[in-house]
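Peer 1: Could you have a look at this structure, given as structure tokens, before my questions?
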Amino acid sequence: MVFSYIFLNYGCEEKRGKCVMEDSFVLKLKNRKFSEFYLCFCGRARCEPLHSYGPAVRPNYLIHIILEGQGRYVVDGEEYDLRAGQGFLIEPDQQTFYQADERNPWSYLWIGFDGTRAREYLADLGLGEGTRTFYCREVSELQAMLLEVMERDTYTIENEFLRESFLYGFFAVLSRSLMVGEISRSDTENIYVRKAIEYIQNNYTEPIHVTDIARYVGISRGYLHTLFVRTLSQSPQEYLINCRITRSAELLSETDLSIESIAMSCGYLDPLVFSKLFKKKMGTTPTFYRKKSGESYRENKNSVHFD
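Numbering of the sequence shown is given in my numbering, commencing with residue 1392 and proceeding in unit increments.
In structure tokens, the structure reads:
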């Protein structure tokens, strides 16, 4: 009979005189029904600073995807510093070691799998044969899939097939969202900046703050500030304000919305705060800007002629 179970696991290792722990939630499976490609176990964990695993050798394949924080992965003498949105592959019979960062320890999800076609399916994704790290654009979707399958912790024929479909579904999402190859520090930093810009552009209408952006990206506010200044020569706060003020100028020119409505539409709950920032950035008040932009629009409209 196939047997599966969920349990809480607390591992403890002595590091620098203190107990380093991992709080994990795991689904393990035995006596599998399938042979070509099958799930061995899966889970998620939030690690304490410096929590580590290994050096150890695994009998099956294992993929970790980092949800938050950072850590390092060591295999074959190569060390990889990895952060939220990245992942790493462990292959059978390879000695590996991985450890959570001391200041910003990671949390991650993982799936262990095997089968006669597992290597082939990994190759389809571009993983294996020395390619061990990747960036994944659909972390939240994979996490939702994992949480759903972990509720299937009893043996039924339905659950057997559902767990098998989960594994194929997991690989399907990876196939469309996975960027493989060795990830340099500059590549990682650019990914964080792009994710932050994407979040700002999608949420500037809400009263978001830099801490919200940093939380979404999965890094500290200070590190996000450093990356923005290094990459864009402006802080995340400046970028957010510029995005809002640019959009508000468009609304002032193109609509009859009140100043209060435009402020709200651009993430400012207080119209006075909005007006002060607008004047600082544009050199004039929202009311005067609307008046001048309206005059310019009419002049351009009246100057149009047809031959």
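The beta carbon of each residue, even a glycine, is placed where N, CA and C say it ideally should be.
The structure presented is a predicted model; accordingly, all values stated were derived computationally and were not measured.
Mapping the DSSP letters down to three states, classify lysine 1683 as helix, strand or coil.
Peer 2: In the three-state scheme derived from DSSP, where H, G and I count as helix and E and B as strand, lysine 1683 is classed as helix.
Peer 1: Please identify the residue among Gly1434, Ile1653, Gly1613, Val1466 whose C-alpha is closest to the C-alpha of leucine 1458.
Peer 2: Gly1434
Peer 1: Can you confirm whether leucine 1615, when its beta carbon is compared against all beta carbons of chain B, has any partner nearer than 9 Å?
Peer 2: Although the question refers to chain B, the structure presented lacks it and comprises just one protein chain.
Peer 1: Starting from the Cα of asparagine 1594, find the closest Cα among Gly1517, Cys1634, Ala1563, Met1570 and give me that residue.
Peer 2: Ranking the options by Cα distance to asparagine 1594, first place goes to Cys1634.
Peer 1: Could you check the C-alpha separation between isoleucine 1456 and leucine 1663 for me, to the nearest Å?
Peer 2: Each residue's Cα considered, the two are about 44 Å apart.
Peer 1: For phenylalanine 1552, count neighbouring C-beta atoms within 10 Å of its own C-beta (all shown protein chains included) and say buried if the count is 16 or more, exposed if not.
Peer 2: exposed
Peer 1: Can you name the residues that DSSP bridges to aspartate 1455?
Peer 2: The question names aspartate, but residue 1455 in the sequence shown is histidine. The partner list for histidine 1455 (beta bridge, DSSP) reads Phe1479, Trp1501.
Peer 1: By the three-class DSSP mapping on this structure, what secondary structure does glutamate 1529 have?
Peer 2: Here glutamate 1529 sits in coil by DSSP.
Peer 1: Please return the same chain residues whose Cβ sits closer than 7 Å to the Cβ of glutamate 1532, not counting the five positions on each side in sequence.
Peer 2: Val1564
Peer 1: Output yes or no for whether 9 Å exceeds the beta carbon distance between phenylalanine 1432 and lysine 1419.
Peer 2: yes
Peer 1: Residue range of the alpha helix (DSSP H) that cysteine 1634 falls in?
Peer 2: Its alpha helix (DSSP H) spans residues 1627-1645.
Peer 1: Count the C-beta pairs between the region 1663-1682 and the region 1628-1644 that are closer than 8 Å, then say yes if the count reaches three, no if not.
Peer 2: Output reads yes: the region 1628-1644 touches the region 1663-1682.
Peer 1: Curious, which full-length beta strand (DSSP E) runs of at least 3 residues does the region 1530-1605 contain?
Peer 2: 1569-1571
Peer 1: Excluding the 5 residues preceding and the 5 following serine 1568 in the sequence, name in chain order all residues of the same chain whose CB lies nearer than 7 Å to its CB.
Peer 2: Cys1527, Arg1528, Glu1529
Peer 1: Pull the bridge partners of aspartate 1472 from the DSSP assignment, please.
Peer 2: Arg1463
Peer 1: Would you kindly report the start and end of the unbroken alpha helix (DSSP H) that includes proline 1450?
Peer 2: Segment: none, proline 1450 is in no alpha helix (DSSP H) and carries neither H nor E.
Peer 1: For glycine 1478 and asparagine 1451, I'd like the C-alpha separation in whole angstroms.
Peer 2: 17 Å
Peer 1: From what residue to what residue does the beta strand (DSSP E) around tyrosine 1489 run?
Peer 2: 1486-1491
Peer 1: If you run the structure through DSSP and keep just helix, strand and coil, what is leucine 1441?
Peer 2: coil
Peer 1: In terms of residue numbering, what span does the alpha helix (DSSP H) encompassing phenylalanine 1665 cover?
Peer 2: 1662-1673
Peer 1: Counting only the same chain and skipping the five closest in sequence on each side, list residues whose C-beta sits under 8 Å from that of isoleucine 1632.
Peer 2: Closer than 8 Å at Cβ, skipping near neighbours: Leu1668, Lys1672.
Peer 1: At what residues does the alpha helix (DSSP H) containing serine 1656 begin and finish?
Peer 2: 1650-1656
Peer 1: Taking only the alpha-carbon atoms, compute the straight-line gap between serine 1566 and isoleucine 1599 and give it to the nearest angstrom.
Peer 2: 32 Å
Peer 1: Reducing DSSP to helix, strand and coil, say where threonine 1617 ends up.
Peer 2: helix
Peer 1: Would you mind working out which of Ser1652, Phe1425, Gly1521 sits nearest threonine 1596, comparing C-alpha positions?
Peer 2: Among Ser1652, Phe1425, Gly1521, the Cα nearest to that of threonine 1596 belongs to Ser1652.
Peer 1: When we look at the beta-carbon of valine 1448 and count the other beta-carbons within 10 Å, is it buried (16 or more) or exposed?
Peer 2: Exposed, because fewer than 16 other Cβ atoms sit within 10 Å of the Cβ of valine 1448.
Peer 1: Nearest-angstrom Cα distance between phenylalanine 1679 and serine 1656?
Peer 2: Computed Cα separation, rounded: 19 Å.
Peer 1: With H, G and I counted as helix, E and B as strand and the rest as coil, what does DSSP make of tyrosine 1701?
Peer 2: Residue 1701 cannot be examined here, being either before or after the span of the chain that is shown, 1392 to 1698.
Peer 1: Less than 9 Å separating the beta-carbons of threonine 1524 and tyrosine 1471?
Peer 2: yes
Peer 1: Please name the residue, chosen from Tyr1559, Arg1681, Lys1683, Glu1589, that lies closest to leucine 1430 on a Cα-to-Cα basis.
Peer 2: For leucine 1430, the nearest C-alpha among the options comes from Tyr1559.
Peer 1: Assign arginine 1508 to one of two classes, buried (16 or more other C-beta atoms within 10 Å of its C-beta) or exposed (fewer than that).
Peer 2: exposed
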